[in-house]
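Residue numbers for the sequence shown, in my numbering: 3 to 433. Backbone N, C-alpha and C define an ideal beta-carbon position, used for all residues, glycine too. Fair warning: this is a prediction, and the values are worked out from it, not measured in the lab.
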Amino acid sequence: MPVLLGAIADDFTGATDLCNTLVRRGMKSVQLIGTPAAAAAIPDAEALVVALKSRTIPAAEAVAQSLAALAWLKQAGARQILFKYCSTFDSTDAGNIGPVAEALLAALGADFTLYCPAFPEAGRTIFKGYLFVGDVLLSESGMRDHPLTPMRDPSLVRVLQRQCRGKVGLVPYRDVAQGAAAIEAAFARLRAAGVRHAIVDAIEDRDLEAIGSAAADFALITGGSGIALGLPENFRRRGLLGDASDAAALPAIDGPAAVLSGSCSTATQAQVAHMRERAPLFTIDPLAAARGHDVAREALAWAGPLFGDKPLLISATAPPEQVAAVQDKLGREQAGALVESIMAEIARGLVANGARRLVVAGGETAGAVVQALGVGALRIGRQIDPGVPWTVSLPRRPGEPALALALKSGNFGAPDFFLRAFDVLAEGAAR
Ligand code: ADP
């Protein structure tokens, strides 16, 4: 299967979100955790998405990592490159969106690209170059006080211009609303005027589809996961991609099942409350761990006799006042790192004891678990709830068991997500 699209995502859950969109539009997709070694086998997929952790590292490092990912994707055969960042354009005046995009353009020998973080389904829209989050400007949203990338200027043209050497321009909504041909004409006008970077307005999914269509010949496209809505159709029109009704097909995975919850977000709280009424629960006590208890071993010993087809729940999820008390005692980062390391050790122990199906709640927690399990690549399958698909790990060595993993960032999913996830997995295998 030829690789058609190669993507570079600046964080892990963003990469999954992108893969999920591509799969739903009929492209078989694999997420790679970091850039594979030069000699690594190329997974069988039409879209390969390299997940970096480059959103907030120094710009020069983000550029170097992104160029390495680009080189790997090109040798894997990718015909078009997508640089994926957050739908709230998370960045600072030092980068990293502008510097990475300029470096990718130079490496591809191209001189023009578009920027469209719009994601209407999640309330991110762009009008006159201004990014809205729900009903308010980006700078009036919670992103104003983000600890790492506070977004206080809602004009993406200005934000990006501060990060770029080349000139930044805008494709306004009056062009976007007229469809792909008008957008292409606007790109040509901007290019002729010396613009290298075009912010593109978008309010609805059909705008993103039209923008994708207008960018069919771009060497580099940049945006949020929404910009991927129109890309599979470009390949289909050229006869390179079939109807791919089986794009979400995963190999059937059986074996003991568990849910690991290390997220304290509101949605996860409700999900833990729902599952604890219906399944065995072990609660992680970070303060006991800090006092020297081997909590991971206790959890694994507890899980031993219960372990089977019915999922069990191991959770550190706690209400805000309890989390605050733990953080007061241990420090915020230390508490986080401690719980993540316990979760990672439990995941490793569960898999060593035969677990093959895991749901992990929490973005950082999922990152720690995937790293501890040594997972290098994930094939993306059916969506459980918006933004969260099932995935299956691609074994690195013959004989290594494949794992079914659903990695849920904090605020995603309905209250019954944890148990329903296993039904969705079973239904997919039954097809
Ligand atoms: P989310 O996606 O909801 O933000 P993350 O896993 O990214 O979830 O972040 C949650 C953080 O909170 C992790 O670092 C995790 O280890 C930490 N954590 C989880 N439970 C507790 C707890 N009971 N007390 C303190 N910190 C906790």
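| Ranges of the alpha helix (DSSP H) found wholly within the stretch 106 to 171, counting only runs of at least 4 | Considered as a whole, the stretch 106 to 171 harbours 158 to 163 as its complete alpha helix (DSSP H) runs of no fewer than 4 residues, in chain order.
| query | LYS410 bridges to which residues according to DSSP? | reply | The beta-bridge partner set that DSSP reports for LYS410 consists of ALA363.
| task | Taking all protein chains shown into account, decide if GLU48 is buried (16 or more other Cβ within 10 angstroms of its Cβ) or exposed. | result | Counting Cβ neighbours within 10 Å, GLU48 comes out buried, since at least 16 surround it.
| request: Count the C-beta pairs between the stretch 397 to 414 and the stretch 252 to 266 that are closer than 8 Å, then say yes if the count reaches three, no if not. | output: By the C-beta criterion, the stretch 397 to 414 is judged to be in contact with the stretch 252 to 266, since at least 3 inter-stretch pairs fall below 8 Å.
| Are at least three pairs of beta-carbons, each pair with one atom in the stretch 100 to 119 and one in the stretch 151 to 165, less than 8 Å apart? | Per the Cβ contact rule, the stretch 100 to 119 is in contact with the stretch 151 to 165 (3 or more Cβ pairs under 8 Å).
| field | Alpha carbon of GLY244 to alpha carbon of GLU123, nearest angstrom | value | Rounded to whole angstroms, GLY244 to GLU123 spans 26 Å at the Cα level.
| Given GLY310 as reference, the closest of VAL328, PRO288, VAL353 once Cα atoms are compared | Distance from the Cα of GLY310 is smallest, within the candidate group VAL328, PRO288, VAL353, for VAL353.
| said: For GLY365 and ALA272, what's the separation of their Cα atoms in angstroms? | reply: Going from the Cα of GLY365 to the Cα of ALA272 covers about 17 Å.
| Taking the runs of the alpha helix (DSSP H) that are 4 residues or longer, which of them lie wholly in the stretch 220 to 246? | Fully enclosed alpha helix (DSSP H) runs of 4 or longer: 233 to 239.
| said: Just to confirm the assignment: which complete beta strand (DSSP E) runs, minimum length 3, are found wholly within the stretch 288 to 362? | reply: Complete beta strand (DSSP E) runs here, min 3: 314 to 317.
| task | Locate the beta strand (DSSP E) running through PHE284, then write down its first and last residues. | result | Per DSSP, PHE284 belongs to the beta strand (DSSP E) from 283 to 285.
| field | Under the three-state DSSP convention, the category VAL261 falls into | value | Note: VAL261 maps to strand in three-state DSSP.
| query | Do VAL341 and ligand 1 come close, with the Cβ less than 6 Å from some heavy atom? | reply | Within the chosen limit of 6 Å, ligand 1 reaches the beta carbon of VAL341 through at least one heavy atom.
| task | Please go through the same chain and pick out, in chain order, the residues whose beta-carbon is closer than 7 Å to the beta-carbon of ILE348, but skip the five residues on each side of it. | result | So the qualifying residues of the chain are LEU262, ALA298, ALA301, LEU302, ILE316.
| message | Let me confirm a value: SER411 is counted as buried when at least 16 other C-beta atoms fall within 10 Å, else exposed. Which label applies? | response | Of the other Cβ atoms in all chains shown, 16 or more fall within 10 Å of the Cβ of SER411; this residue is therefore buried.
| query | At what residues does the alpha helix (DSSP H) containing GLN82 begin and finish? | reply | Taken as a continuous stretch (DSSP letters only), GLN82 belongs to no alpha helix (DSSP H), being part of the beta strand (DSSP E) at 82 to 86.
| request: Starting from PRO60, follow its DSSP beta bridges and name the residues at the other end. | output: Paired residue(s): none; PRO60 is not in a bridge.
| request: Kindly indicate which three-state DSSP category ALA200 falls into: helix, strand or coil? | output: Correct three-state label for ALA200: strand.
| message | For ILE386, report the span of its beta strand (DSSP E) as first-last. | response | Start and end: 379 to 387.
| field | Nearest to ARG240 (by Cα), restricted to the options SER215, LEU34, ALA71 | value | Per the C-alpha coordinates, the member of SER215, LEU34, ALA71 positioned closest to ARG240 is SER215.
| task | Have a look at PHE114 and LEU24 and give me their C-alpha separation to the nearest angstrom. | result | Each residue's alpha carbon lies about 24 Å from the other.
| request: Quickly, what does DSSP pair ILE35 with across the bridge? List them, please. | output: For ILE35, which the question treats as bridged, DSSP gives the partners ALA53.
| Can you tell me where the alpha helix (DSSP H) with THR270 in it begins and where it stops? | THR270 -> alpha helix (DSSP H) spans 268 to 278.
| field | C-alpha gap between TYR87 and PRO307, whole angstroms | value | Across the structure, TYR87 and PRO307 are spaced so that their CA atoms are roughly 44 Å apart.
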